Amino acid sequence: CGCEMPLARSFTLSKKKGNEHHVELEIQGNQIQYHVKPGIAKKIEGTVNRKGATCPCCGAPVGFEYIRNEAKASRMKATMIAIVTESQTGRIYLDPDSLQFQSADIPVPEDIIYTDLPEKALGFRTQAYGMVRHQDLFSNRQLTALTTFSDLVVEAQQKAYEDAVMAGIADDDIGLDAGGSGAKAYGEAIGVYLAFLIDKLADYNSSICSWNSAGEKMRQTFARQAIPMVWDYAESNLFCHSSGSYHNMLEWVYKCIYNSPIADAGEVKQWDATKDNGLRSIMISTDPPYYDNIGYADLSDFFYVWMRRSLRYTYPNLFSTMLVPKVEELIATPYRFDGSKEKARDFFEDGMLRTFSQVHKYTREDIPVTIYYAFKQSETNAEDENDTDVTTVVTASTGWETMLSAVIQAGFAITGTWPIRTEMSSRAIAQGANALASSIVLVCRKRHPSASFVTRKDFLATLRRELKPALVQLQHANIAPVDLAQSAIGPGMAVYSRNGKVLDADGTPMSVRSALQIINQLVDEFFNEQEGDLDSESRFCVELFSQVAFNPIKYGIAEVLATAKSISISKLAQAGVLTSSKGSVQLSCRDDLQEFSVMNSNVTWLVTQQITKAFEKHGIDGATKILARVTGPMAENAKALAYRLYTIAERKGWATEAYAYNVLVSSWMDIQQGATNQVEYKAGELQFE
7 CGCEMPLARS
17 FTLSKKKGNE
27 HHVELEIQGN
37 QIQYHVKPGI
47 AKKIEGTVNR
57 KGATCPCCGA
67 PVGFEYIRNE
77 AKASRMKATM
87 IAIVTESQTG
97 RIYLDPDSLQ
107 FQSADIPVPE
117 DIIYTDLPEK
127 ALGFRTQAYG
137 MVRHQDLFSN
147 RQLTALTTFS
157 DLVVEAQQKA
167 YEDAVMAGIA
177 DDDIGLDAGG
187 SGAKAYGEAI
197 GVYLAFLIDK
207 LADYNSSICS
217 WNSAGEKMRQ
227 TFARQAIPMV
237 WDYAESNLFC
247 HSSGSYHNML
257 EWVYKCIYNS
267 PIADAGEVKQ
277 WDATKDNGLR
287 SIMISTDPPY
297 YDNIGYADLS
307 DFFYVWMRRS
317 LRYTYPNLFS
327 TMLVPKVEEL
337 IATPYRFDGS
347 KEKARDFFED
357 GMLRTFSQVH
367 KYTREDIPVT
377 IYYAFKQSET
387 NAEDENDTDV
397 TTVVTASTGW
407 ETMLSAVIQA
417 GFAITGTWPI
427 RTEMSSRAIA
437 QGANALASSI
447 VLVCRKRHPS
457 ASFVTRKDFL
467 ATLRRELKPA
477 LVQLQHANIA
487 PVDLAQSAIG
497 PGMAVYSRNG
507 KVLDADGTPM
517 SVRSALQIIN
527 QLVDEFFNEQ
537 EGDLDSESRF
547 CVELFSQVAF
557 NPIKYGIAEV
567 LATAKSISIS
577 KLAQAGVLTS
587 SKGSVQLSCR
597 DDLQEFSVMN
607 SNVTWLVTQQ
617 ITKAFEKHGI
627 DGATKILARV
637 TGPMAENAKA
647 LAYRLYTIAE
657 RKGWATEAYA
667 YNVLVSSWMD
677 IQQGATNQVE
687 YKAGELQFE
């Protein structure tokens with residue numbers, strides 16, 4: 007239609023109750039005017055989704071290939087669509103006026119850093135849209151602010167140096183780079199802290215910063231370890247007191263410095279992990295790279311270019327290169343090996359083995375090595391990756407396999423794994439996303455030199471004997487379902503790695519991948535056994551859920567399943583577990599469940615769904631009220647079923663369902679404690695009467 011096309015993921019400015027606002031589009035010929043209106047956007051939520059864009063004027067679909075070509079031809083620009091202001095009563099949303107447009111319309115600073123983004127790198131998406139240099143990640147106004155602040159670091163260092171001399175600190179003319187501790191080093195140290203401030207400002211002042219309409223605040227550039235394409239971005243006012251401001255960022259840096267322990271002297275050295283650094287008999291706790299998951303060196307250039315501008319005279323050797331060195335970074339990135347995945351894999355495997363061989367030399371015999379790892383196992387489909395009805399088989403990711411292989415080959419035995427809560431609840435991840443909430447910590451000790459070989463048969467027998475009680479312990483410890491598969495690696499790999507080798511039937515050593523597949527199969531068997539302990543009605547519901555979730559299924563198929571378990575579909579319908587009509591059967595969605603009744607508390611499926619519903623609606627308090635009315639072993643049965651349902655949903659890719667059961671189990675300890683307190687309170691009342 008010839009109209010200009012806004013590319014925006016969302017036109018919603020605020021979802022906060024009582025202060026809902028959105029941007030409304032007014033089309034005038036081939037131009038669009040943007041106006042802030044109260045309420046949630048109803049006419050158009052956004053113009054860009056995962057499939058492409060849609061013209062708001064004529065509704066024509068526009069593919070990403072066209073958008074990318076236009077962007078590379080420099081025909082993509084930015085325009086202001088709303089202003090967010092501060093007030094004593096909260097956020098105020100306004101139309102941008104001519105003064106705001108003029109203040110944003112400034113040229114690129116002359117003395118800007120012309121450094122290129124990597125052509126291909128993990129987590130980068132902007133290059134496909136013509137944003138190929140670091141400066142392209144910032145608006146002209148942001149570039150002007152950041153270059154100004156960076157250049158002022160040198161002036162601040164000089165002022166701090168002069169103040170130090172005036173205060174009587176020795177003027178020995180020795181800087182930080184040479185190990186100085188006099189006035190010059192003092193002034194340069196102030197500059198280092200200010201460089202941290204500049205990098206914090208850069209994180210909150212780029213065109214990758216999106217707007218959080220629910221929280222009415224900005225998201226920083228690195229909400230995750232990637233530089234994605236952001237269609238509608240938020241630009242902070244550096245001189246306000248909200249997100250991204252100089253004042254807020256300075257406060258962050260100040261708090262970190264103020265709370266850093268300074269009572270004792272420490273020594274820090276940078277060393278190639280694959281080479282011997284001479285240390286012996288020490289304690290080691292490490293967080294290794296995650297195969298091909300995150301390209302830290304490429305991502306760190308985002309901060310490095312600004313830090314180098316601020317500190318290149320303070321540390322001339324450290325900042326001698328325009329960008330971060332990358333050749334020795336221990337990750338499997340094919341683009342650094344002419345696109346060869348095999349060479350990238352070999353580089354990573356060799357480097358990991360050499361690294362943990364050095365770790366084996368360093369560590370003490372009586373102290374375990376702890377290795378943090380926050381990278382999920384992957385799932386591969388047994389038959390068809392696109393068919394959600396096909397049973398899946400969990401395998402180890404290449405990253406997990408390589409890391410475990412290196413640890414074991416280096417001479418360590420894995421004695422346990424345990425999840426440690428390391429992720430902030432506010433991190434940018436969609437509800438329902440299947441992601442580790444924790445880092446999994448591997449606990450390793452040096453394997454005894456006399457460790458003997460065992461057969462596959464002996465390995466399986468020992469694994470079956472030791473894995474089940476370990477899984478029961480993990481469940482009792484309220485390990486979140488999303489973390490359980492990783493945690494189960496510990497007791498499983500403990501059996502595998504304590505031996506010199508595990509020999510298959512043909513006499514060849516069993517690989518780590520094969521061992522992980524066996525461990526995961528036994529974990530599945532464990533949950534299947536727990537399902538066998540359920541009442542027949544619940545086992546029927548689990549079977550139905552695993553096939554179609556809460557969608558309808560033909561009555562004939564459901565009847566066959568019900569007959570096999572000797573249950574009545576009509577009785578389940580009367581209890582509200584399911585609905586049966588017009589030749590189909592459908593499990594009742596949680597929103598459609600009747601109010602919880604003790605009369606139906608003998609059906610574990612129904613109890614679990616009622617607790618899940620109450621938790622979704624009213625949090626821990628809601629779930630507590632249901633659980634307090636449940637008697638006998640039903641509480642543990644409901645928890646075990648939640649684990650099972652999470653596993654099914656996660657395998658099927660039903661993210662929302664998986665999320666519901668995962669957060670329920672994660673909070674189970676608090677729910678159970680609340681239920682216990684309620685029961686004790688009621689007992690006390692009866693005794694008093």
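Using our numbering, the first residue of the sequence shown is number 7, and each one after it goes up by one.
From the three backbone atoms N, C-alpha and C, an ideal C-beta is built for every residue, glycine too.
Just so you know, these numbers come straight off a predicted model, no measurement behind them.
Item: Distance between residue 447 and residue 679 (C-alpha atoms, nearest Å); Value: 27 Å
Item: Close beta carbons around residue 33, own chain, < 6 Å, minus the five adjacent residues each side; Value: 63
Item: Outcome for residue 81 when other beta-carbon atoms lying within 10 angstroms are tallied against a minimum of 16; Value: exposed
Item: Residue 619 to residue 608 span [Cα, whole Å]; Value: 18 Å
Item: Spatially closest choice to residue 141 from 113, 99, 176, by CA coordinates; Value: 113
Item: First through last residue of the alpha helix (DSSP H) which encompasses residue 41; Value: Segment 37 to 44 is the beta strand (DSSP E) holding residue 41; no alpha helix (DSSP H) there.
Item: Residue 206 burial status per 10 Å Cβ neighbour count (16 or more: buried); Value: buried
Item: Short Cβ contact (9 Å threshold) for residue 642 with residue 555; Value: no
Item: Whole-angstrom C-beta distance between residue 459 and residue 506, which should lie under 8 Å; Value: 5 Å
Item: Beta-carbon separation (whole angstroms), residue 537 vs residue 650, contact threshold 8 Å; Value: 6 Å
Item: Distance CB(residue 481)-CB(residue 469) smaller than 9 Å; Value: no
Item: Environment of residue 148 [buried if 16+ CB atoms lie within 10 Å]; Value: buried
Item: beta-carbon residue 649 near the ligand HEM non-hydrogen atom, thresh 8 Å; Value: Among the ligands in the structure shown, none appear at all, so the ligand HEM cannot be discussed.
Item: Residue 475 versus residue 529 - alpha carbon distance; Value: 11 Å
Item: Delimiting residues of the beta strand (DSSP E) encompassing residue 425; Value: 418 to 427
Item: Residue 291 burial status per 10 Å Cβ neighbour count (16 or more: buried); Value: exposed
Item: Residue from 405, 369, 424 with nearest C-alpha to residue 418; Value: 369
Item: Which of helix, strand or coil DSSP assigns to residue 229; Value: coil
Item: Ordered list of alpha helix (DSSP H) runs contained in the region 85 to 138, each at least 4 residues; Value: 104 to 110
Item: Close Cβ partners of residue 333 (< 7 Å) along its chain, the five nearest in sequence each way excluded; Value: none
Item: Nearest-angstrom Cα separation, counted from residue 549 out to residue 564; Value: 10 Å
Item: CB contact flag (residue 219, residue 21, <9 Å); Value: yes
Item: Residue range of the unbroken beta strand (DSSP E) whose run includes residue 280; Value: Where residue 280 is concerned, there is no enclosing beta strand (DSSP E), given that its DSSP letter is neither H nor E.
Item: Check whether residue 12 and residue 31 have beta carbons under 9 Å apart; Value: yes
Item: Backbone CA spacing between residue 320 and residue 183 [nearest angstrom]; Value: 7 Å
Item: Cutoff 7 Å; reference residue 546; Cβ partners in own chain excluding five residues on either side; Value: 567, 568, 571, 573
Item: Classification of residue 324 by the beta-carbon crowding that lies within 10 angstroms, buried from 16 upward; Value: exposed
Item: Under the three-state DSSP convention, the category residue 140 falls into; Value: helix
Item: Segment contact flag, the region 185 to 196 with the region 80 to 100, C-beta cutoff 8 Å, min 3 pairs; Value: no
Item: Separation of residue 594 from residue 659, as counted between CA atoms; Value: 20 Å
Item: Exposed unless 16 or more other CB atoms sit within 10 angstroms - verdict on residue 501; Value: buried
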